[in-house]
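Worksheet for the structure shown next.
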Amino acid sequence: MHEMPDLAGRYCSRMAHQNLVDWRNPRVVSAVKLHRGSQRRHAGRFLAEGANAVAAALDTGRVREVFYAHSAAERDRALIAGAVAAGVRCTLVSDRAARNLSETVTAPGLVAVCDLVDVPVARILDASPRMLAVPVELSDPGNAGTVIRIADSVGADGVILAGDTVDPHNGKCVRASAGSIFHVPIARHRDIGDTLDTLAAAGIAVLATAANGEVDLDDADELFTGPVAWLFGNEAHGLDPAIARRADHRIRIPIRGRAESLNLAAAAAICLYANSRIRYRSDRPS
């Protein structure tokens, strides 16, 4: 790692002589198609843009190619040099190609083609998880990415996207996760009932967030000493009452001010942190 600045410098000096690849290049064209969910599923690849996401992807060995523009060559030169040193193909592209590869108004000029990250639910459960986030029927990729980032920050063991839900490889979800999509195991399961049955069979207590829940979050510490999976509802309609009734407990977040309710991300952050506080306290040696 101490040699990286020199490597970066040598790489950037060579970069000036590298031929630009434009937007018509077949590899760029194929990568741009990954903005579509159907193409991501067909290719088994997706795009991660920006330094945080690309660095996280490189750390997990999921990157197949990095495209970068002149604007990123100096700003992210150590990152690009590290990718080259790791044997990842790195391609200098034109500004137009960089804009086509990006989904943001201001393209960061750094995009990685990555292998998909989602895994079977069984792989998450086989690792004996202690804390899971289970968003149900999320439709907003930004919210999905934010929940993944929250789960990562509190040390959750996985995220299971249940029901008819957003693709975690959607560009907006990847950006909202700020690299966390590469840190936390993520699974998708369309059958909500089967998801709940699988969690119960694994001995994991299912907790549902509900405004009229019978357990106050402040009084739920004892529930957090064992394995827990949190159900978080859809942004617009919350958790279906029928699904909430299937949970082992329904947890309400006390609101002491005048706010009518909390949005999905706020509720997830509060509940997962409360769970994490007890979980990691019990894990500490006495």
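The working numbering numbers the first residue of the sequence shown as 1208 and each following residue consecutively.
Where a beta carbon is used, it is the ideal one built from N, C-alpha and C, also for glycine.
Rounded C-alpha distance that separates Gly1362 from Trp1437
Residue numbering aside, residue 1362 sits at position 155 when the sequence shown is read from its first letter. Residue numbering aside, residue 1437 sits at position 230 when the sequence shown is read from its first letter. If you take the alpha carbons of Gly1362 and Trp1437, they lie about 14 Å apart.
Tell me where the alpha helix (DSSP H) around Ala1329 begins and ends.
Position 122 of the sequence shown, counted from the first residue, corresponds to residue 1329. Ala1329: member of the alpha helix (DSSP H) spanning 1328-1333, first to last residue.
So does the region 1381-1396 actually touch the region 1422-1440, counting three or more Cβ pairs closer than 8 Å?
As far as the Cβ criterion goes, the region 1381-1396 does not touch the region 1422-1440, which means the pair count is below three.
Helix, strand or coil: which one does DSSP assign to Asn1441?
As a working note, residue 1441 is residue 234 in the sequence shown. Strand, per DSSP.
Cβ of Val1326 within 8 Å of Cβ of Arg1271?
For this step, residue 1326 is matched to residue 119 along the sequence shown. For this step, residue 1271 is matched to residue 64 along the sequence shown. With respect to Arg1271, Val1326 sits apart: the two C-beta atoms are not nearer than 8 Å.
Pick helix, strand or coil for Val1300, following the three-state DSSP scheme.
For this step, residue 1300 is matched to residue 93 along the sequence shown. In the three-state reduction of the DSSP assignment, Val1300 falls in the strand class, which pools E and B.
Tell me whether Ala1417 is buried or exposed, calling it buried when 16 or more other Cβ atoms sit within 10 Å of its Cβ.
Your numbering for residue 1417 matches position 210 in the sequence shown. Buried, because 16 or more other Cβ atoms sit within 10 Å of the Cβ of Ala1417.
Determine which residues share a DSSP beta bridge with Ala1319 and list them.
Taking the first residue of the sequence shown as position 1, residue 1319 is located at position 112. Paired residues: Ala1255, Val1273.
Residues bridged to Leu1512 [DSSP beta-bridge criterion]:
Nothing about residue 1512 can be read from this structure; the chain reaches only from 1208 to 1493.
Assess contact between the region 1362-1380 and the region 1284-1297, defined as three or more Cβ pairs (one per stretch) separated by less than 8 Å. Is contact present?
In this structure the region 1362-1380 does not touch the region 1284-1297; the number of beta carbon pairs closer than 8 Å is below three.
By DSSP, does Ile1388 sit in helix, in strand, or in coil?
As a position in the sequence shown, residue 1388 is number 181, starting the count at 1. It is helical.
How close, in whole Å, do the beta carbons of Gly1268 and Leu1323 come, if the pair is a contact with beta carbons under 8 Å?
Within the sequence shown, the letter at position 61 stands for residue 1268. Within the sequence shown, the letter at position 116 stands for residue 1323. Contact doesn't hold; Cβ gap of about 13 Å is too wide.
Stretch-stretch touch, CB-based, cutoff 8 Å, three pairs: the region 1365-1379 with the region 1231-1239
Result no; under three Cβ-Cβ pairs closer than 8 Å.
Is Asp1423 helix, strand or coil when you go by DSSP?
By 1-based counting over the sequence shown, the position of residue 1423 is 216. In this structure, DSSP gives Asp1423 an extended state, which the three-state scheme calls strand.
Going by the beta-carbon positions, is the gap between Ile1485 and Asp1425 smaller than 8 Å?
Residue 1485 sits at position 278 when you count from the first residue of the sequence shown. Residue 1425 sits at position 218 when you count from the first residue of the sequence shown. In terms of Cβ geometry, Ile1485 and Asp1425 do not form a close pair [threshold 8 Å].
Straight-line Cα distance separating Thr1311 from Ile1287
Residue numbering aside, residue 1287 sits at position 80 when the sequence shown is read from its first letter. Residue numbering aside, residue 1311 sits at position 104 when the sequence shown is read from its first letter. Near 21 Å, if we compare the C-alpha coordinates of Thr1311 and Ile1287.
In three-state DSSP terms, what is Arg1457?
Walking along the sequence shown from the start, residue 1457 turns up at place 250. Strand at Arg1457.
So, at 6 Å on beta carbons, what are the nonlocal neighbours of Ala1358 in its own chain, with the 5 sequence-adjacent residues on each side left out?
Position 151 of the sequence shown, counting from 1, holds the residue named residue 1358. For Ala1358, where only same-chain residues beyond five positions count, the Cβ hits under 6 Å are Ala1340, Val1366, Val1391.
Does Pro1336 pass the burial test, meaning 16 or more other C-beta atoms within 10 Å, or should it be called exposed?
Reading the sequence shown from its first residue, position 129 is the one you call residue 1336. Classification of Pro1336: buried, given that the 10 Å Cβ count is 16 or more.
Identity of the residue in Ile1388, Val1343, Asn1482 nearest Leu1471 by Cα
Residue mapping note: residue 1471 aligns to position 264 of the sequence shown, counting from 1. Of the residues Ile1388, Val1343, Asn1482, the one whose Cα lies closest to the Cα of Leu1471 is Val1343.
Can you tell me the Cα-Cα spacing of Val1354 and Asp1283, whole angstroms?
Position 147 of the sequence shown holds residue 1354. Position 76 of the sequence shown holds residue 1283. Roughly 27 Å between the two C-alpha positions.
Quick one: what's Ile1393 bridged to in DSSP?
Position 186 of the sequence shown, counting from 1, holds the residue named residue 1393. DSSP output for Ile1393 lists Val1366 as bridge partner(s).
Figure out for me which residue from Asp1302, Ala1412, Asn1377 has the closest Cα to the Cα of Leu1430.
Your numbering for residue 1430 matches position 223 in the sequence shown. When only C-alpha atoms are compared, the closest one is Ala1412.
What would DSSP say about Ala1407, mapped onto helix, strand or coil?
The residue you call residue 1407 lines up with position 200 of the sequence shown. Per DSSP, reduced to three states, the secondary structure at Ala1407 is helical.
Tell me the rounded alpha-carbon separation between Gln1246 and Val1228.
The count along the sequence shown starts at 1 and reaches residue 1246 at position 39. The count along the sequence shown starts at 1 and reaches residue 1228 at position 21. Roughly 22 Å between the two C-alpha positions.
Distance, Ala1351 Cα to Cys1380 Cα
What you label residue 1380 is simply residue 173 of the sequence shown in a count that begins at 1. What you label residue 1351 is simply residue 144 of the sequence shown in a count that begins at 1. Using only the alpha carbons, I get a separation of about 6 Å.
Who pairs with Ala1415 in a beta bridge, going by DSSP?
The residue labelled residue 1415 in the question sits at position 208 within the sequence shown. Beta-bridge pairing by DSSP links Ala1415 to Leu1438, Arg1457.
Based on the DSSP output, what are the partners of Val1228 in its beta bridges?
Looking up residue 1228 in the sequence shown gives position 21. Val1228 is bridged to Val1300.
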